[in-house]
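Heads up, the thing below is written out as structure tokens.
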Amino acid sequence: MGRIRQPLRERSLDYASLSDPVLVTRAKAGGREALEALCVRHAPRVESLARHLLRDPEDARDAAQEALAKLCVRLRQFRGEAQFSTWLHRLVVNTCRDVAQRQRTRTHDPLPEELGADLEQDPTRGVRIT
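Residues 389 to 518 (my numbering) are what the sequence shown spells out, left to right.
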């Protein structure tokens with residue numbers, strides 16, 4: 389007698405060997421393994437692009453993590469009009485822009501209570517010379 393074969397859905401798939409379009413289709417249908425495979429496959433490029441755009445290692449790590457989280461949430465919005473890697477690239481660029489904007493806001497705009505504390509410690513800091 390021959391071996392008993394498991395049905396295809398019960399067999400373990402090698403998700404790493406599947407193409408991006410197949411993984412995207414499976415992930416959009418709720419396949420966690422497919423989504424994980426997409427994240428694992430593209431994480432190095434996401435991190436590299438974030439480092440290139442932001443030039444600060446900590447900000448780049450934050451942006452890469454945020455971009456991968458957005459990938460998990462927004463994958464259903466991917467319509468397939470471009471390659472998945474192109475869509476993901478744009479997602480990373482936009483995320484890096486958002487992170488950089490938050491950094492600029494945090495760096496240049498102190499909170500009112502922080503400004504008040506600084507003025508109490510050094511009253512000359514609030515003086516403008518014209």
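Every residue, glycine too, gets a C-beta built ideally from N, C-alpha and C.
By alpha-carbon distance to His430, the top candidate from Gln489, Glu469 and Ala404 is Ala404. The residues Asp408 and Val412, in chain order, have a CB closer than 6 Å to that of Phe472 in the same chain once the five nearest residues on each side in sequence are set aside. Taking the Cβ atoms as the reference, Leu441 lies roughly 4 Å from Cys484, within the contact range of under 8 Å. Per DSSP, the unbroken alpha helix (DSSP H) holding Ser436 starts and ends at Arg420 to Leu442. Taking every protein chain shown into account, the CB of Val461 has fewer than 16 other CB atoms within 10 angstroms, so this residue is exposed.
Annotated as distal: Ala438 and Ala425, with beta-carbon spacing of 8 Å or more. The beta carbon of Leu456 sits closer than 7 Å to the beta carbons of Cys427, Ala431 and Val434 from its chain, once the five residues preceding and following it are set aside; these are given in chain order. Annotated as proximal: Asp450 and Val487, with beta-carbon spacing under 8 Å.
Arg443 counts as exposed, since fewer than 16 other beta carbons sit within 10 angstroms of its beta carbon.
For Gln453, the enclosing alpha helix (DSSP H) begins and ends at Pro445 to Arg462. Assigned with DSSP and collapsed to three states, Ser473 falls in helix.
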